[in-house]
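> I'd like to ask some things about the structure below.
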Amino acid sequence: MPDNRSVESEEGETILETSLRLGIPHTHVCGGNARCSTCRVIILDGLENCCERNSREQGLADRLHFSPQIRLACQTLITGHVALRRLVLDEADVELTSQLTPDKTPITAGEEKKIAILFADIRKFTAFSESLPPYDVIHVLNRYFDQMGKVINRNGGYIDNYMGDGLMALFGVDDPQEATLKAVRAGLGMLNNSGHIWKTFTR
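Residues in the sequence shown are numbered from 205 upward in steps of one, following my numbering.
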């Protein structure tokens with residue numbers, strides 16, 4: 205280990221599980237599910253005592269072009285002496301990414317979900333905004349976002365982010381059922397409502 209510790213791994217235990225059991229900070233942003241590479245280690249000695257890569261680890265290794273010595277701690281079982289080094293060595297990184305608080309409560313980095321995302325912005329908005337005083341532009345945007353937000357909310361979504369004259373809305377965060385259909389319905393409703401907004405300012 206990076207801090208020159210010698211530890212014993214229990215049978216059927218991954219390298220990551222050993223680290224966490226012994227209170228050794230070991231980054232694993234995805235929760236140890238082979239969906240990221242943050243727990244990776246380099247095997248300095250004893251690679252022959254590491255299990256073969258499973259399909260999930262192999263897929264990530266191929267994608268990131270890992271050498272044979274780079275292994276995912278969350279997927280690697282060992283059967284004998286192994287010398288390794290975690291690849292997060294900076295103290296600031298360890299403090300930032302440590303998965304244990306002082307009371308040993310796990311910190312999660314969120315969860316993976318299948319949702320529908322709707323992006324929308326205003327066509328030809330730059331030319332439109334240049335034809336109006338700045339305060340009028342702000343008024344138009346506020347009215348637009350308010351009306352679009354109501355349509356999105358009615359269809360089971362919510363606005364997660366604003367980007368200039370654009371917005372990003374999420375559907376299915378709490379209930380993924382028909383998330384895509386709800387996003388499409390919201391998009392159609394937004395098109396219909398936006399026409400009424402622009403008529404007020406283009407007469």
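All C-beta atoms in this analysis are idealised placements derived from N, C-alpha and C, irrespective of residue type, glycine included.
Owing to the predicted nature of the structure, the values given are computational and were not obtained by experimental measurement.
Just to check my reading of the structure: LEU276 and ALA238 have Cβ atoms closer than 8 Å, yes? What is that Cβ distance to the nearest angstrom?
6 Å between Cβ atoms; contact.
> For PRO272 and LYS318, which I take to be in contact (beta-carbon distance under 8 Å), what is that distance rounded to the nearest angstrom?
Wrong, their Cβ atoms sit about 34 Å apart, outside the cutoff.
> Just to check my reading of the structure: GLY353 and ILE342 have Cβ atoms closer than 8 Å, yes? What is that Cβ distance to the nearest angstrom?
In fact, because the Cβ distance is near 16 Å, the residues do not count as touching under 8 Å.
> Could you tell me how far apart the beta carbons of LYS386 and ASN357 are, in whole angstroms, since I believe they sit closer than 8 Å?
Going by Cβ atoms, the distance from LYS386 to ASN357 rounds to 11 Å, so no, they are not a contact pair.
> Keeping to the same chain, check which residues put their C-beta closer than 8 Å to that of VAL388; ignore five residues upstream and five downstream.
Same-chain partners within the cutoff: there are none.
> Is it the case that the Cβ atoms of MET320 and GLY376 are separated by a distance below 7 Å?
Reading off the sequence, residue 320 comes out as Ala, not Met. Yes; because the gap between Cβ atoms is below 7 Å, this pair is in contact.
> Do THR218 and CYS255 count as a contact pair if the criterion is CB distance below 7 Å?
For CYS255 and THR218, no; Cβs fall outside 7 Å.
> Closest to LEU268 by CA distance: which of LEU251, THR242, ASP350 and ILE228 is it?
Considering only alpha carbons, the answer is THR242.
> Quick check on GLY370: does DSSP put it in helix, strand or coil?
Strand.
> How close, in whole Å, do the beta carbons of ALA390 and GLY361 come, if the pair is a contact with beta carbons under 8 Å?
Contact holds; Cβ gap of about 6 Å.
> If I'm right that HIS230 touches ASN253 with Cβ under 8 Å, what's the distance once you round it to whole angstroms?
Going by Cβ atoms, the distance from HIS230 to ASN253 rounds to 19 Å, so no, they are not a contact pair.
> Count the other C-beta atoms from every protein chain shown that fall within 10 angstroms of the C-beta of LEU374, then say buried if there are 16 or more, exposed otherwise.
That one is buried.
> Between which residues of its own chain and LEU408 is the CB-CB distance below 7 Å, once the five residues before and five after are set aside?
This structure gives no information on residue 408, because the portion of the chain shown stretches from 205 to 407.
> Grouping DSSP H, G and I as helix and E and B as strand, with all else coil, what is GLY235?
GLY235 falls in the coil class under three-state DSSP.
> Can you give the Cα-Cα distance for LYS328 and LEU371, rounded to whole angstroms?
Distance between the alpha carbons of LYS328 and LEU371: 15 Å.
> Report the partner residues of ALA324 according to the DSSP bridge assignment.
Answer is LEU371, bridged to ALA324.
> Could you compute how far the alpha carbon of HIS400 sits from the alpha carbon of GLN351?
Each residue's Cα considered, the two are about 10 Å apart.
> Tell me whether SER335 is buried or exposed, calling it buried when 16 or more other Cβ atoms sit within 10 Å of its Cβ.
Label assigned to SER335: exposed.
> I'd like the span of the alpha helix (DSSP H) that includes VAL355, first residue to last.
Counting along the chain, the alpha helix (DSSP H) containing VAL355 begins and ends at 338-358.
> For MET394, which of ASN365, ILE326 and TYR339 has the nearest alpha-carbon?
That would be ILE326, whose Cα lies nearest to the Cα of MET394.
> If we ignore side chains and look at the alpha-carbon of each, how far apart do LEU392 and SER398 end up?
Between LEU392 and SER398, the C-alpha separation is close to 10 Å.
> Using 10 angstroms around the beta-carbon of LEU322, count the other beta-carbons present and answer buried if the total reaches 16, otherwise exposed.
So LEU322 ends up on the buried side.
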